[in-house]
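> Have a look at this one.
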Amino acid sequence: MKSIYYLCIYLFNAWMNAYMYACSKACTVCTQECINTCMNIYSRKLTLFFCRVDSTKSLFNDCQSIKFHNNKVVRQPAVREYASPIYLFSFLLVFLLPKFPQVYIGDDVTLICKGGSKPTTWFIDDKQQSHQDYSMFLTAVTPKNNGTYKCEQDGLMSEPLTLTVLELEPHAQLSPSVGGAVMIKGDGRNLVLQAEDDLKNWTCSVLRGVSRFGLGVNLDEQMKRAVILAELKEAERATFWCQKKNIYRSNTVTLKMTEHMVMLVPPAVPALQGESVTLRCVVWGGLELENVVFYKDNTKIMNSSGGTYTITNATQDDNGKYSCRATYRFSHISAGAAQKEGDSDAQELKVIGGPAAAVISGSTKSLQCSCPRCPDNCTSCHWDHTPFNDPHSRRRLPENDRSITAEEEGLYSCRFDCGKGLSRFSDSYSYKAQPAEFGGLLYILLGVAALIILVGVTVWMLKRRKRGGSNAQVTGRGKDNDVLTHFERREDF
């Protein structure tokens, strides 16, 4: 009996990890019943039951047993046992999808209440939420989303899930080659993956609903990037990301489907505070727009003939649901085609503060990098250089110190490596080589020598002309003035 008991506990704890720690204590009371239940859970891959001590209950409480009937949980009458307040009961789990080791600012994630039936009540830091679906989609998360998340179904409360958002960037960037966050049904879009290091051994995935699928990756070693084809299939929304051996990963990109002819297209990456954000109103097929009306939270904000609405300095006051109404015609079919009108879906715009950004400063060739908002463990620097004549040829420099000496002309930027993530890049610092100090001194010496020679020649000519009479002197003064004026112009130049 003991061997079966310990085998059960080993398998149970191995599968459910930390959630199963108290089953061994409970089985000292429920003994065979607990063992049988553990074995049933493991063999049938049901993840929802465990035994634990509840010290808040009085003595001689019931040790409830759980039976399985047609894959449903049926509570049985209590069986009184020893004076140990032990329970065997079903419980819920809150899962994070995708299953990221770290969540970065700007990520899109989904929380799933798994293990029971609808409706679902959600709690954040023990405060009840109005959301009632078993899944909770969080867009462009920030530290404001930090907290403990729990769900309740059919009177059962889940174990808490703690969400912690890092104010850092992941180690790679994923973004659409063209277009924004909205696609027509059946359409596809290329997403481009870029990282500072080699892109070999990177894999990419998509989350459609609660199902994850692997994607093919087309690696372009010459361009130091990889491309994936993003498709929604039949999903209304899908989240894409790439990772390397579950250690490093990219940001997430969420694409949404619309069946409307008119689309309001926000950027596919989070809007950052203080930056410019452009919303586009487009008609499927690239039809000619004659007029567009933009709305925020169902309130008209702007008329536009160009189909774009630009927020020049985005703040959190710009958060909201945006939509547009377009007037268009099929002019490519017939010049006299009738006007048509259509409304877009409403799309959410969320402006966030963004990751901590590095700050670059310099004096001639000496450059320094700092990051006031970075965590204390951000000690190593990454430096990048981009030549003036090739803006697409950005390369990482070997230096890791906070200070470097610029050796080549071009644009320099820096960021901090914080272990689990990176800071944002600093603004670019433009370095242009100055003439060498010796060359500058040589020019000065040559100028002084030329001045001395010129003055000497002028004095000699004046003395010579004085001997020739007053007319020559007057003429000499005129010529002297001309020479001096010419010299002054050269100095100004």
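Throughout the sequence shown, residue numbering follows mature numbering (1 follows the signal peptide of the UniProt record, and there is no 0), covering -22 to -1, 1 to 471 in sequence.
For each residue, glycine too, the CB sits at the ideal point set by N, CA and C.
1) Cα-Cα, which of 190, 158 and 329 is closest to residue 236?
2) Can you name the start and end residues of the beta strand (DSSP E) that residue 239 belongs to?
3) Taking DSSP's pairing of strands, which residues face residue 93 in a bridge?
4) By the DSSP assignment, the beta strand (DSSP E) with residue 299 in it spans what residues?
5) What's the gap between the Cα of residue 90 and the Cα of residue 80?
6) Compute the beta-carbon to beta-carbon distance between residue 292 and residue 249, rounded to the nearest angstrom, for a pair I have assumed lies under 8 Å.
7) Starting from residue 216, trace the beta strand (DSSP E) both ways and give me its first and last residue.
8) Counting pairs of beta carbons, one from the stretch 294 to 307 and one from the stretch 268 to 280, are three or more of them closer than 8 Å?
9) If distances are taken between C-alpha atoms only, which option among 251, 340, 259 and 146 comes closest to residue 328?
10) Going by beta-carbon coordinates alone, are residue 86 and residue 98 separated by less than 8 Å?
11) Which class does residue 164 belong to by DSSP, given the choice of helix, strand or coil?
12) Output the boundary residues of the beta strand (DSSP E) element that contains residue 203.
13) Would you please state the rounded distance, in angstroms, between the beta carbons of residue 216 and residue 186? I believe it to be under 8 Å.
14) Can you grab the Cα-Cα spacing for the pair residue 353 / residue 199, in whole Å?
15) Which residue wins for smallest C-alpha separation from residue 73, given the options 119, 196, 433 and 128?
16) Restricting to Cα atoms, I'd like to know which of 119, 78, 140 and 384 is closest to residue 71.
17) If you drop the 5 nearest sequence neighbours on each side, which residues of the same chain put their C-beta closer than 7 Å to that of residue 195?
18) Buried or exposed for residue 232, going by 16 or more other Cβ atoms inside 10 Å?
19) Tell me, to the nearest whole angstrom, how far the beta carbon of residue 336 is from that of residue 344; I am working on the premise that it is less than 8 Å.
20) Do you know how far the Cα of residue 153 is from the Cα of residue 422?
21) Would residue 468 be called buried (16 or more neighbouring beta carbons within 10 Å of its own) or exposed?
22) Where do the N-terminal and C-terminal ends of the beta strand (DSSP E) with residue 196 fall, by residue?
23) Per DSSP, what kind of secondary structure is residue 87 in: helix, strand or coil?
24) Quick check: what's the CA-CA separation for residue 296 versus residue 411?
25) How big is the Cα-Cα spacing for residue 300 and residue 379?
26) Here's the rule: buried if 16 or more other CB atoms are within 10 angstroms of the residue's CB, otherwise exposed. What is residue 405?
27) By how many angstroms is the C-alpha of residue 88 removed from the C-alpha of residue 193?
28) When DSSP builds the beta bridges, which residues end up paired with residue 523?
29) Measuring CB atoms only, is the stretch 353 to 369 touching the stretch 277 to 285, in the sense that at least three cross pairs come out at less than 8 Å?
30) If you drop the 5 nearest sequence neighbours on each side, which residues of the same chain put their C-beta closer than 7 Å to that of residue 239?
31) Smallest Cα separation from residue 389: which of 372, 164, 132 and 222?
32) Pick from 151, 131, 208 and 120: whose alpha carbon is nearest that of residue 162?
33) To the nearest angstrom, how far is the alpha carbon of residue 211 from that of residue 385?
34) Drop a sphere of 10 angstroms on the beta-carbon of residue 201, count the other beta-carbons inside from all chains shown, and report buried for 16 or more, exposed for fewer.
35) Could you tell me if residue 156 is buried or exposed, where buried requires 16 or more neighbouring beta carbons within 10 angstroms of its beta carbon?
The short version:
1) Within the sequence shown, residue 236 is the residue found at index 258, counting from 1. Comparing alpha carbon positions, the residue from 190, 158 and 329 closest to residue 236 is 158.
2) If you number the sequence shown from 1, residue 239 lands on position 261. From DSSP, residue 239 is part of no beta strand (DSSP E); its letter is neither H nor E.
3) Indexing the sequence shown from 1 puts residue 93 at position 115. Paired residues: none, contrary to the question.
4) The residue labelled residue 299 in the question sits at position 321 within the sequence shown. Secondary structure note for residue 299: its beta strand (DSSP E) is the uninterrupted segment 298 to 307.
5) As a working note, residue 90 is residue 112 in the sequence shown. As a working note, residue 80 is residue 102 in the sequence shown. Rounded to the nearest angstrom, the two C-alpha atoms are 17 Å apart.
6) Position 314 of the sequence shown holds residue 292. Position 271 of the sequence shown holds residue 249. Indeed they touch by this definition, with Cβ atoms about 5 Å apart.
7) Looking up residue 216 in the sequence shown gives position 238. Here the beta strand (DSSP E) through residue 216 covers 215 to 222.
8) Touching, per the Cβ criterion.
9) As a first step, residue 328 is located in the sequence shown; it is residue number 350 there, counting from the start. For the residues 251, 340, 259 and 146, the minimum Cα distance to residue 328 belongs to 251.
10) In the sequence shown, counting from the first residue as 1, residue 86 sits at position 108. In the sequence shown, counting from the first residue as 1, residue 98 sits at position 120. Not in contact: residue 86 and residue 98 (Cβ atoms no closer than 8 Å).
11) Here residue 164 refers to the residue found at position 186 of the sequence shown. Collapsing the DSSP output to three states places residue 164 in coil.
12) Position 225 of the sequence shown holds residue 203. From DSSP, the beta strand (DSSP E) with residue 203 extends over 203 to 209.
13) On the sequence shown, position 238 is the one that residue 216 refers to. On the sequence shown, position 208 is the one that residue 186 refers to. Rounded, the Cβ-Cβ distance is 5 Å, consistent with contact.
14) Locating residue 353 in the sequence shown gives position 375, where the first residue counts as 1. Locating residue 199 in the sequence shown gives position 221, where the first residue counts as 1. When rounded, the distance between both Cα atoms is 33 Å.
15) Numbered from 1 along the sequence shown, position 95 holds the residue referred to as residue 73. Comparing alpha carbon positions, the residue from 119, 196, 433 and 128 closest to residue 73 is 128.
16) For the purposes of this step, residue 71 is taken as the residue at position 93 of the sequence shown. Considering only alpha carbons, the answer is 140.
17) On the sequence shown, residue 195 is found 217 positions in, with the first residue counted as 1. Hits under 7 Å: 180, 181, 182, 204 and 206.
18) In the sequence shown, residue 232 corresponds to position 254, counting from 1. Buried, by the Cβ-count rule.
19) For the purposes of this step, residue 336 is identified with residue 358 of the sequence shown, where counting begins at 1. For the purposes of this step, residue 344 is identified with residue 366 of the sequence shown, where counting begins at 1. Rounded, the Cβ-Cβ distance is 16 Å, inconsistent with contact.
20) The sequence position of residue 422 within the sequence shown is 444, counting from 1. The sequence position of residue 153 within the sequence shown is 175, counting from 1. One C-alpha to the other measures close to 53 Å.
21) Counting from 1 along the sequence shown, the entry for residue 468 is found at position 490. Annotation note: pLDDT 39 at residue 468 (below 50); position unreliable, coordinate value reported separately. Residue 468 comes out exposed.
22) For the purposes of this step, residue 196 is identified with residue 218 of the sequence shown, where counting begins at 1. 196 to 198 is the span of the beta strand (DSSP E), which, as asked, contains residue 196.
23) Stepping through the sequence shown from its first residue, residue 87 is reached at position 109. In this structure, residue 87 counts as strand in the three-state DSSP scheme.
24) Translated into positions along the sequence shown, residue 296 becomes position 318. Translated into positions along the sequence shown, residue 411 becomes position 433. Rounded to whole angstroms, the gap between the alpha carbons of residue 296 and residue 411 is 43 Å.
25) The sequence position of residue 300 within the sequence shown is 322, counting from 1. The sequence position of residue 379 within the sequence shown is 401, counting from 1. Their Cα atoms are separated by approximately 45 Å.
26) Here the question's residue 405 lines up with position 427 in the sequence shown. Flag for residue 405 reads exposed.
27) Along the sequence shown, read from residue 1 onward, the residue named residue 193 stands at position 215. Along the sequence shown, read from residue 1 onward, the residue named residue 88 stands at position 110. Roughly 20 Å between the two C-alpha positions.
28) Given a span of -22 to 471 for the chain in the structure shown, any question on residue 523 remains unanswerable.
29) Segments in contact, no.
30) Within the sequence shown, numbered from 1, the residue matching residue 239 stands at position 261. Excluding positions up to five away in sequence, the list reads 261, 262 and 320.
31) On the sequence shown, residue 389 is found 411 positions in, with the first residue counted as 1. Looking at 372, 164, 132 and 222, the one whose alpha-carbon comes closest to that of residue 389 is 372.
32) By 1-based counting over the sequence shown, the position of residue 162 is 184. Of the candidates 151, 131, 208 and 120, the one whose C-alpha sits nearest the C-alpha of residue 162 is 208.
33) Start at 1 with the first residue of the sequence shown, and residue 211 comes out as number 233. Start at 1 with the first residue of the sequence shown, and residue 385 comes out as number 407. The alpha-carbon atoms of residue 211 and residue 385 are separated by roughly 50 Å.
34) Position 223 of the sequence shown, counted from the start, is the residue given in the question as residue 201. Burial check for residue 201: the Cβ neighbour count within 10 Å stays below 16, so the residue is exposed.
35) Position 178 of the sequence shown, counted from the first residue, corresponds to residue 156. Classification for residue 156: exposed.
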